[in-house]
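Input: a single structure, listed below in structure tokens.
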Amino acid sequence: MLIPCPECERKVSDRAKACPDCGFPVSEWVAEQAQAEVRARSRSSRERIGEVDCPACDARGFSQWTEKDESGEPRSLFSWCVDCKHSGRVHQCRDSEGYYAVSYAALEGFLAGEIDDDAEGVTALGKQPVESHRYQQAGSTWEQGDDGGVTLGAPSEAPAPDPDAAKD
């Protein structure tokens, strides 16, 4: 198919390596445009579909590691997982390209298409959704307030349907 060269407007094949007049790399430009279209389609199709085990802490809600202190002695350290807010779960999202584990901090930006699928807090899970969890959810998640204080939030799972509500 003939397209106008982005540099000089001459009609060139979309398969041409370069424009014969100005030397513009047409094939690279066409590939970049196709990739941008796929990325835009992917970003517009993003949605949250549930929860998945946190890949950062392996669904434990915390990380533990060993470092040497000043005297060279090994010291065991512990920290709560910031990605899952120590619940062991993060959001499972999907788009036209696959499924992703998305941290609490990255969720809004990911769904709005402001961050890409390789950003911090986003982990690709593949083409199939994750159906099960490694552990039962511990319960609450923590929220950091504007004043720096920490409060407990409700579990992020949807409540079970009320069987009595269907009888009305």
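Residue numbering for the sequence shown follows the working numbering, beginning at 3 and increasing consecutively. In this text, a Cβ means the ideal position worked out from N, Cα and C, and glycines have one as well.
Can you list, in chain order, the residues of its chain with a C-beta nearer than 8 Å to that of residue i? Leave out the 5 residues immediately preceding and following it.
i    : result
C10  : C21, D23, C24, F26
Y102 : Q94, C95, R96, F112, D119, V124, T125, A126, L127
Can you tell me whether DSSP reads residue i as helix, strand or coil?
i    : result
A126 : strand
S98  : coil
V92  : strand
G63  : coil
A103 : strand
P6   : strand
V14  : strand
E72  : coil
A160 : Model confidence at A160 stands at a pLDDT of 43, short of 50, so the residue's coordinates are unreliable and nothing is read from them.
Mind checking which residues open and close the alpha helix (DSSP H) that includes residue i?
i    : result
V40  : 28 to 46
A114 : 109 to 114
Along the beta strand (DSSP E) that carries residue i, what are the first and last residues, could you check?
i    : result
G52  : 49 to 55
P131 : First-last for P131: undefined, no H or E at that position.
P76  : 76 to 82
Could you pull out every residue in the same chain whose Cβ sits closer than 6 Å to the Cβ of residue i, ignoring the five residues on either side in sequence?
i    : result
R136 : D55, A61
W82  : F64, H88
P161 : At P161 the pLDDT is 41, less than 50, meaning the model places this residue with poor confidence and gives no usable figure here.
(message) Under 8 Å: do the region 82 to 97 and the region 51 to 59 share three or more Cβ pairs, one atom per stretch?
(response) Taking 8 Å as the limit for Cβ pairs, the verdict is that the region 51 to 59 does touch the region 82 to 97.
(message) Does the contact criterion of 3 or more C-beta pairs under 8 Å hold for the region 73 to 82 versus the region 26 to 38?
(response) no
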